[in-house]
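Visitor:
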Amino acid sequence: MSEQDSTPKPTRVQIAEAIRAKRERRAGLSIREELDAMEAALLADIDAFDLDAAAKQVQAQEQKVKGSGLAADAGALAFPDIVAEGASPRVVAEAKAKPKAESQAPAALPLSSGGLLEQLRSEAERRQNIQDAEQRQLSLVEAQLDRALHQVFAYLHELVQQLNVIKPPVPRAYLVAGSQELKGLSWEQGFSDYRTRPQSAGASMESVSFTYKLAGKQPLTMERDGTVADGFRQQLFDLNLAFKVEEFRNERRYLERARFIVAPEVKVSVRWEADYDKGKLVVQARNLERLGTTRYSFEPDALNQALLDEFGRLVLGHPHHFPR
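The sequence shown lines up with residues 228 to 551 when you count with the working numbering.
(1) Let me make sure I understand the geometry here. Which of S406, G411 and M449 has the alpha-carbon closest to that of A400?
(2) Quick check: what's the CA-CA separation for A430 versus T423?
(3) Return the CA-CA distance between E345 and K283, expressed in angstroms with no decimal places.
(4) Just to confirm my understanding: we take L466, look at its own chain, exclude 5 residues before and 5 after, and list those with CB closer than 6 Å. What are they?
(5) When the distance is taken between beta carbons, is V489 closer than 8 Å to L463?
(6) Hey, would you say T448 sits closer than 8 Å to R486, going by beta carbons?
(7) Less than 8 Å between the CB atoms is what I'm expecting for G539 and L376, so what's the real figure, rounded?
(8) Assuming T520 and A529 make a contact with CB atoms under 8 Å, what is their CB distance in whole Å?
(9) Using DSSP with H/G/I as helix, E/B as strand and the rest coil, what is V310?
(10) Compute the Euclidean distance between the alpha carbons of Q461 and E352, then round it to the nearest angstrom.
(11) Given this structure, state the Cα-to-Cα distance separating Q286 from A275, to the nearest angstrom.
(12) Taking A404 as the reference, which of F475, K394, I393 and E450 has the closest Cα?
(13) Mapping the DSSP letters down to three states, classify L515 as helix, strand or coil.
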């Protein structure tokens, strides 16, 4: 056997280990070479960096920010540097050396005297002045109406007290159903009261009520056919008249006719109220001058002692000039 044949051959495991060791040596050399290159580049950048130029650039940037009115805010805010994962030290240094003006948001332009906000402010002030004037006018009208109703209640309260003692005759005839009259009536009893608005609305006076009854001695007797008896009954009821009915029916219980006996009395109700929306005094009366309803309306400043005296004459059936 020759000497070459007697040399032991390497096994597969030994071959694999040799290849792995060779690759690791190459990888170590590559990483070391890359680090050396990066270190050399960083040192070169540091040597080339001009500190004075960078300081001047930063001062110029701060002056620009101050001119836009944001210097105080920019100095008070501090944001951390965000570095992308895997970025090299050289890339980080170059990013820090770039002017900050590229990342600054544009400053808002100061508004001139004729800007949008100034126009809106002027319009808001104008409308507020109008609302204030309307509110003052409304308060003035409400005060006038409140004073007027206080005056009305004081007058009617005393009027009722005097008439409840005197019980004078009221020379007024009330036409019933267009055919007969209730007359010869005298004052029997009266009452006055008032009502105020809720506290949230100022607790001002809202209305004054005035009711009384006139009575006589002679009732009215009227007959109606059975076909219209129910309608006439409803009419007397709506007029707030007291009455009795005698019905006459035939053998089949059919209503042939009805006799109505109307009591000699008339109930009168008057309501003085403030129309705060229209700024007027309104008088709603029932059976005052005649049977049925009547409405009066006038300005609050028209109310005075003379007007109330005219209303008193109207109540008593005397000649008057109370406005219709």
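Ideal Cβ positions, reconstructed from N, Cα and C, are used throughout, including at glycine.
Guide: The short version:
(1) G411
(2) 6 Å
(3) 39 Å
(4) L518
(5) yes
(6) yes
(7) 17 Å between Cβ atoms; not a contact.
(8) With a Cβ gap of about 22 Å, T520 and A529 do not count as contacting.
(9) In this predicted model, V310 has a pLDDT of only 48, less than 50, meaning its place in the structure is not dependable; the value taken from the coordinates is given anyway. Coil at V310, not helix or strand.
(10) 60 Å
(11) 21 Å
(12) E450
(13) coil
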